[in-house]
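Everything in the sequence shown is counted per my numbering, starting at 2 for the first residue and increasing by one. Ideal Cβ positions, reconstructed from N, Cα and C, are used throughout, including at glycine. Just so you know, these numbers come straight off a predicted model, no measurement behind them.
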Amino acid sequence: MTRIVGFAASLAVVVAAALASRSVAAAGPPTFAEDLAFLEAHAPVRVLRAPSGARVAVSAAYQGRVMTSAVDAGGASLGWINRAFIAAGKTGTAFDNYGGEDRFWLGPEGGQFGLYFAPGKPFVFAEWQTPHVLQEGAWDVKDAAADRVTFARSMNVTNYSGTRLSVDVERTVRLLSDAEIASRLGIDPAAARTAGARWVAFETENRITNRGAEAWTKERGLPSIWILAMYTPAPDARVVVPFERNAAGPIVNDAYFGKVPADRLAVREKDGYLVFTCDGQARGKIGLPPARAREVLGSYSASARLLTLVHYDKAKDARDYVNSMWEIQKEPYGGDVVNSYNDGSPGPGLPPLGGFYELETSSPGAALRPGESLTHTHRTFHFVADRVALDPIAVRVLGVSASRVAEGTAP
């Protein structure tokens, strides 16, 4: 009975969040200044400022998350913030969904080494529980400057097989310069600026250390660094993921929460990219394995004049990526490197989790001896401009124009 009551309470918060999300969408996206004022009314926030005027809002209170960003203080807020949940002031739910466009989690989610289901429980939505230590309590601030901040947290988690993992986490959020943008994306920032584009760019460098007395092994379950970015959906929002055309094996796993229908996912095998509809209206998730994944993925919305790019450091020759499928797995290290999630109802009669979509990247499984560390870096680039200015950037980075992405899943 306690579990049912608790789940009902969590569901009530989720319903409120969904309603708030729809009302905000109807009124138009908030500005960075508006979201910042809201956040500061509920918890301390630190704002990183670039010389260009770009802003990035981070919060130790919300586990060192990047909550949102913008090309300037009066520009559109580019992360998704769950105002209803934050305003309710509730914690300890199945998913304390504050929002945020870069949050730290540990994988895997499901399976015999999963961290989001208690040992022996079925892999169903009613039993899904985000580890409390990942979503409750403020993180320590170790260091800070105008363009960066470093957070730290020590935590213990137990996987589905009963293995206890003691983890030290250190996470640095840092603004990226024009030179770093050019280096990572291979574009000319000066030319993009001349064409009318404005942007905000930042990275999170995430390090985990085994602070226990025993090595982390594949036989007992390896954790991974899992970075998830929440964004505001739109009817024309499309995620685009380039892939290696000549690699062996399946291109995409589209069966996490039931197979994604063809009108929501188009795989352009000859062109080397896929397009996934992310309108916040139908729950679905996709992922690409290490042989297929490249170091970039992104999304585009013509109505928002927004091209978002994610770049991460892909571990060379790594193949052991944890499997997050909600089942006992034949291949617990046959998981994905990059993922995208579109929110929607998780079951008949249930509301969505808030209405958002996600771009996600993961490290390999961390086979670490005591005292050893693993680092995973995830970078976010938001470019705001008309399509003519965004097309060259999209072609250079993703291999397909924003104009083509806007066609979505059309043949």
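Contacting residues, own chain, Cβ-Cβ under 6 Å from residue i (five flanking each side not counted)
i: Pro-120; result: Tyr-161, Gly-163
i: Glu-1; result: Because the chain is modelled from 2 through 412, residue 1 falls outside the range shown and cannot be assessed.
i: Ala-55; result: Val-72, Val-201
i: Val-46; result: Leu-40, Ala-58, Ser-60
i: Leu-49; result: Val-57, Asp-148, Leu-176
Helix, strand or coil at residue i [DSSP, three-state]
i: Val-396; result: helix
i: Glu-361; result: strand
i: Glu-35; result: helix
i: Pro-243; result: strand
i: Ala-422; result: For residue 422 there is no data in the structure shown, the boundaries of the chain being 2 and 412.
i: Asp-179; result: helix
i: Ser-341; result: strand
i: Glu-41; result: helix
i: Ile-287; result: strand
i: Leu-369; result: coil
i: Ala-85; result: helix
i: Leu-375; result: strand
i: Val-401; result: coil
Whether residue i touches residue j by CB criterion (7 Å)
i: Val-201; j: Val-59; result: no
i: Leu-310; j: Ile-209; result: no
i: Trp-217; j: Gly-108; result: no
i: Gly-213; j: Ser-167; result: yes
i: Asp-148; j: Leu-176; result: yes
i: Val-240; j: Ser-341; result: yes
i: Trp-140; j: Gly-65; result: yes
i: Phe-277; j: Arg-172; result: no
i: Pro-290; j: Ala-319; result: no
i: Val-67; j: Asp-103; result: yes
i: Ala-62; j: Ala-34; result: no
Sequence-distant residues of the same chain with beta carbon closer than 7 Å to residue i, five excluded per side
i: Trp-129; result: Ala-95, Tyr-117, Phe-118
i: Asp-255; result: Val-261, Leu-266, Ile-287
Proximal residues to residue i (C-beta, below 8 Å), its chain only, five neighbours per side dropped
i: Glu-215; result: Pro-371
i: Glu-220; result: none
#### Entry: Length at least 3, wholly inside the stretch 103-152: the beta strand (DSSP E) runs in chain order
104-108, 141-146
### Task
Mind the definition here: the stretch 230-241 touches the stretch 353-371 only if three or more C-beta pairs lie below 8 Å; say whether that holds.
yes
#### Entry: Every unbroken beta strand (DSSP E) inside the stretch 195-227 [3 residues or more]
199-211
### Task
Answer yes if the stretch 270-285 comes into contact with the stretch 369-385, meaning at least three C-beta pairs across the two stretches below 8 Å, and no otherwise.
no
### Message
Three or more C-beta pairs under 8 Å: does that hold for the stretch 384-398 against the stretch 185-193?
### Response
yes
### Query
Can you give, in chain order, each stretch of the beta strand (DSSP E) that sits fully within the stretch 290-324 and has at least 3 residues?
297-302, 307-313
### Message
Could you check whether the stretch 387-406 touches the stretch 320-339, counting it as contact only if at least three pairs of C-beta atoms, one from each stretch, sit closer than 8 Å?
### Response
no
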